[in-house]
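Chains as they are written, first to last, in this note's numbering: chain A, 1 to 278; chain B, 1001 to 1186.
C-beta: ideal position from N, C-alpha, C; glycine also.
Quick notes on the structure that follows.
This is the structure:
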């Protein structure tokens, strides 16, 4: 991808206002630069020419909103991104999550994933024979994303990187067991996600499964400003049971946020936190 | 006079950047933003290697980290690094740009939008064209554009692409870049 089109701050704010006033979607506290980049990406993708073109399309065609929402959060772009995180999940976090659970533990993707993180997790669970032993919830902004993920067809840009990531995660495994290639596209085995519950959310994540033992929230708060980050971290803290885990991206931190005193650090380099009893 | 320096480099830039950092005093009056192409899956080691000879602390910033004078901020592996309003770092996992994540173009464009004419952009040796458009944006918004002399570069593609895209202020050898930075004022 190269850079084709740039919009200004004023246009960006106008689109944010339209999304709130006309559709009730509140993106006001999303990080400005990333959100602007995403708007530019959507304008290029749908050949809308400029910000006015995007506004006109949103206003004139109600069906377009779902497409817009499925593109507004950046794609995860890699399977098993940060293989050392997935090893930690497999070797320490999931075993501890299963231990002493009388009912199926709840795992919640509170981030807006484009499927890569979800399929990585379910492959991990399958390899541990735990696919039917947990309840997985996955946040989505739009119906379109549910269809996209449920089809198993992910837009994986770089097959070699994904395979290399998987091999670093599990050098004895066979990654090719989990997908087939048809007509130039990669289709993941949708059996992997047949038990997943999708949670339709607004951008402020106002719904939650409750009594969660593990929250995956990697590389999501990077798209929020400080205010929204604070709000969402505090929500996530309230959804976790004592001893539950919160996984952030490797460059995100609870430091300098109010939620910090509700957690202890479980693994510094992978940014995994553990909910305290308070 | 200036608020920040941003440096982009790829193949052949490591020794140049090491020499530059080695030559700057710990009292350097501006923040330095470094966007260097690097292996995606190797998270550690790079900042340590750059730090060996640098009097300036080099940080691989977390998201939302405040940008401060006298520190160098290295774009972390497998993230784009933006400058956000309020003088903060913002990270992103969006698609690679010019096959690169971090992309020099994105770091340069976002820094240009925040610092405008108070920004110095420097492009060093490299094997692709990432950074050329970003340097043009710095120039368009009134900042100062410097390109390492292609004759001195191990790989000249990136500097030549930059020179082709925009009329830069200076084409400098490493020694001249160092001298320029040693005399820069906040």
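DSSP-derived helix/strand/coil call for residue i
i	result
residue 106 of chain A	strand
residue 27 of chain A	coil
residue 1072 of chain B	strand
residue 156 of chain A	coil
residue 285 of chain A	One cannot answer for residue 285 of chain A here, as it falls past the ends of chain A, which runs 1 to 278.
residue 178 of chain A	helix
residue 99 of chain A	coil
residue 275 of chain A	strand
residue 1024 of chain B	coil
residue 1052 of chain B	coil
residue 130 of chain A	coil
residue 164 of chain A	helix
residue 120 of chain A	helix
residue 264 of chain A	strand
residue 19 of chain A	helix
residue 240 of chain A	strand
residue 1171 of chain B	strand
residue 254 of chain A	coil
residue 247 of chain A	strand
residue 1059 of chain B	strand
Residue interval of the alpha helix (DSSP H) (run including residue i)
i	result
residue 222 of chain A	First-last for residue 222 of chain A: undefined, no H or E at that position.
residue 1175 of chain B	1174-1182
residue 1006 of chain B	Looking at the DSSP string, residue 1006 of chain B is not in any alpha helix (DSSP H); the run it does join, the beta strand (DSSP E), is 1004-1009.
residue 1044 of chain B	No alpha helix (DSSP H) holds residue 1044 of chain B; DSSP gives it neither H nor E.
residue 185 of chain A	Premise fails: residue 185 of chain A lies in the beta strand (DSSP E), 185-188, not in any alpha helix (DSSP H).
residue 143 of chain A	143-150
Extent of the continuous beta strand (DSSP E) run through residue i
i	result
residue 1156 of chain B	Neither: residue 1156 of chain B is in no beta strand (DSSP E) and is coded neither H nor E.
residue 1147 of chain B	1144-1148
residue 114 of chain A	Unbroken run through residue 114 of chain A: none, as it is neither H nor E.
residue 1032 of chain B	1032-1036
Within chain A, the residues that residue i reaches when beta carbons sit closer than 7 Å
i	result
residue 1064 of chain B	226
residue 1018 of chain B	Near residue 1018 of chain B there are no residues of chain A at all, since even the closest Cβ is about 24 Å away, more than 7 Å.
residue 1076 of chain B	251
residue 1110 of chain B	33
residue 1085 of chain B	32
residue 1079 of chain B	251
7 Å Cβ cut-off: residues of chain B touching residue i
i	result
residue 242 of chain A	In chain order: nothing, as chain B lies at least about 26 Å away.
residue 219 of chain A	1093
residue 90 of chain A	Within 7 Å Cβ-Cβ: nothing; residue 90 of chain A doesn't reach chain B, min ~18 Å.
Contacts that residue i makes with chain B (C-beta to C-beta distance below 9 Å)
i	result
residue 157 of chain A	1095 and 1096
residue 114 of chain A	Residues of chain B passing the Cβ test: none, with the nearest at roughly 11 Å.
residue 75 of chain A	1093, 1094 and 1095
residue 161 of chain A	1040 and 1041
residue 87 of chain A	Within chain B, no residue comes near residue 87 of chain A; the closest Cβ sits about 13 Å away, beyond 9 Å.
Contacts of residue i in chain C (Cβ-Cβ under 7 Å)
i	result
residue 1160 of chain B	Looking for chain C here will not work: the only protein chains present are A and B.
Beta-carbon separation (whole angstroms), residue i vs residue j, contact threshold 8 Å
i	j	result
residue 207 of chain A	residue 216 of chain A	Actually they are not in contact, since the Cβ atoms of residue 207 of chain A and residue 216 of chain A sit about 16 Å apart, beyond 8 Å.
residue 88 of chain A	residue 267 of chain A	6 Å
residue 214 of chain A	residue 245 of chain A	5 Å
residue 1110 of chain B	residue 1082 of chain B	4 Å
residue 1089 of chain B	residue 1056 of chain B	With 8 Å as the limit, residue 1089 of chain B and residue 1056 of chain B do not qualify as a contact, their Cβ atoms being about 16 Å apart.
Contact list for residue i against chain A, beta-carbon separation under 8 Å
i	result
residue 1090 of chain B	31, 33, 34 and 222
Neighbouring residues, chain A, relative to residue i (Cβ below 9 Å)
i	result
residue 1115 of chain B	The contacting residues do not exist; residue 1115 of chain B stays about 13 Å from chain A at best.
residue 1002 of chain B	Under the 9 Å cutoff, chain A gives no residues; its nearest Cβ is about 21 Å from residue 1002 of chain B.
residue 1082 of chain B	31, 33, 34 and 37
Interface partners of residue i on chain B, CB under 8 Å
i	result
residue 174 of chain A	The contacting residues do not exist; residue 174 of chain A stays about 20 Å from chain B at best.
residue 106 of chain A	The contacting residues do not exist; residue 106 of chain A stays about 25 Å from chain B at best.
residue 168 of chain A	1041
Residue i Cβ short of 7 Å to the ligand NAP heavy atom set
i	result
residue 75 of chain A	In terms of ligand content, the structure shown is empty, and the ligand NAP therefore cannot be addressed.
For the region 1076-1135 of chain B, list the beta strand (DSSP E) runs that are entirely contained and at least 3 residues long, ordered along the chain.
-> 1080-1084, 1088-1092 and 1119-1123
Every unbroken alpha helix (DSSP H) within the region 33-91 of chain A, with a cutoff of 4 residues, ordered by chain = 51-60, 64-72 and 83-88
Could you name each continuous beta strand (DSSP E) segment of 3 residues or more that falls completely within the region 193-236 of chain A, going from the start of the chain to the end?
-> 197-200 and 212-217
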